[in-house]
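Asks: First, the structure itself, so that you have it in front of you.
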Amino acid sequence: MANAVWDALDGMREVEITVTGRRTGRQITHPVWFVLDEDSVFLVPVTGSDSQWYKNVRQTPMIEVSANGTALSSSATPITEGDRVNHVVELFKAKYGADTVESYYPKHDVAVQVPLG
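Under the working numbering, the residues of the sequence shown are numbered 232 to 348, in order.
Here it is, written out as structure tokens:
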């Protein structure tokens with residue numbers, strides 16, 4: 232399964248994530264940027280820990296990541312440790328360009344890891 236998801240996501244610029252609303256309990260889908268590393272999908276919320284989808288993941292960690300007709304449901308792990316967040320942000324800069332990441336992501340105090348396996 233992990234290889235099929237990795238192959239579906241490899242080369243993509245954007246995925247859709249579906250999270251459970253912490254107040255409504257509804258499924259909410261958002262397009263987001265991502266990077267692949269260490270057999271995981273890593274996400275950085277645009278407004279960091281203030282992002283609504285991040286707050287939803289903190290409440291209900293199950294998340295669905297989908298692209299190219301392939302979907303993965305897994306438990307998301309928030310990353311708050313500075314060095315690990317910086318590593319993920321550096322991966323984002325390598326993929327999308329440092330200036331672009333700095334302009335679109337004004338606050339990068341957290342990241343999220345979604346294991347592929």
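Even glycine gets a Cβ: it sits at the ideal position worked out from N, Cα and C.
Can you list, in chain order, the residues of its chain whose CB lies under 7 Å from that of Asp268, leaving out five sequence neighbours each side?
Replies: If we look at Asp268 and ignore the five residues flanking it on each side, its Cβ neighbours are Leu322.
Asks: Any idea what DSSP makes of His318, helix, strand or coil?
Replies: Three-state result, His318: helix.
Asks: On the premise that Ile259 lies in contact with Val250, defined as a C-beta separation below 8 Å, what is that separation, rounded to the nearest angstrom?
Replies: Yes, they are in contact, since the Cβ atoms of Val250 and Ile259 sit about 6 Å apart, within 8 Å.
Asks: Any idea what DSSP makes of Gly347, helix, strand or coil?
Replies: Position check: residue 347 holds Leu in this sequence, whereas Gly was assumed. Looking at Leu347 - three-state DSSP - the assignment turns out to be coil, as it is neither helix nor strand.
Asks: How should Ser282 be labelled, buried or exposed, when 16 other C-beta atoms within 10 angstroms of its C-beta is the threshold for buried?
Replies: Buried, by the Cβ-count rule.
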